[in-house]
Amino acid sequence: MPYFLPIKFKITNLKSEKPDKFPVYKNCDETLNYEALKECTTNKVADYIKLSVNYELADKLFPLDKSTQFLVNFTINKKGKAENITAKAHKKEMAAEVINVLKRMPKFKEPGYKDGKPVETEMQILMTIYF
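Position in the sequence shown (from 1) plus 500 gives the number in my numbering.
Encoded structure:
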């Protein structure tokens, strides 16, 4: 039986220079302005993670806690694929789970762009699971 736990996400572009165009995740309209595209992509990535995380593992790892938080860093490469994925969590098994989820994440429709050219875009997800 799957567990449905509320999750809070914050996705941040880590580079000091933001791209002119935010990476476009599937089902987002690439013609949106920067902020709307960032919001759409953020929500779609959050939805993907919500549907993909093993909630039974989270419940098993944190039986007495009300919540747990972890931080994931990754890069959307010039071809729109997540790479260089790292995670910090209270339990290494949870960090490994999130890394595996992001490794399976579908390719983005478009990478980030700066001056009309594809660029690597560093991303950070701060994720909190509430029990």
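All residues carry an ideal CB built from backbone N, CA and C; glycine is no exception.
Just verifying my parser: in three-state terms, what is the DSSP assignment at residue i?
{"i": "threonine 441", "result": "With the chain represented from 501 up to 631, any question about residue 441 goes unanswered, as that position is not in the structure."}
{"i": "methionine 627", "result": "strand"}
{"i": "glutamate 530", "result": "coil"}
{"i": "valine 524", "result": "strand"}
{"i": "lysine 614", "result": "strand"}
{"i": "lysine 518", "result": "coil"}
{"i": "proline 502", "result": "Confidence is the limiting factor: at proline 502 the pLDDT is only 43, short of 50, which leaves the residue's position unreliable and the question unanswerable from this model."}
Rounding to the nearest angstrom, what Cα-Cα distance links residue i and residue j in this structure?
{"i": "aspartate 615", "j": "aspartate 520", "result": "7 Å"}
{"i": "tyrosine 630", "j": "lysine 592", "result": "18 Å"}
{"i": "proline 523", "j": "lysine 550", "result": "20 Å"}
Looking only at its chain, what residues have a beta carbon closer than 8 Å to the beta carbon of residue i, apart from the 5 residues adjacent to it on each side?
{"i": "lysine 544", "result": "Tyr525, Lys526, Asn527, Cys528"}
{"i": "isoleucine 599", "result": "Val572, Ile585, Thr586, Ala587"}
So, are the CB atoms of residue i and residue j less than 7 Å apart?
{"i": "glutamine 624", "j": "asparagine 573", "result": "yes"}
{"i": "leucine 561", "j": "methionine 594", "result": "yes"}
Using the DSSP secondary-structure output, state which residues sit across from residue i in a beta bridge.
{"i": "threonine 586", "result": "Asn573"}
{"i": "threonine 542", "result": "Partner(s): none; threonine 542 has no beta bridge."}
{"i": "serine 552", "result": "BP columns for serine 552 are empty, so no partner."}
Excluding sequence positions up to five away, which residues of its chain have a Cβ less than 7 Å from the Cβ of residue i?
{"i": "methionine 605", "result": "Tyr548, Ala582"}
So, at 6 Å on beta carbons, what are the nonlocal neighbours of residue i in its own chain, with the 5 sequence-adjacent residues on each side left out?
{"i": "serine 552", "result": "Val601"}
{"i": "proline 618", "result": "Lys578, Pro611"}
{"i": "alanine 558", "result": "Ile629"}
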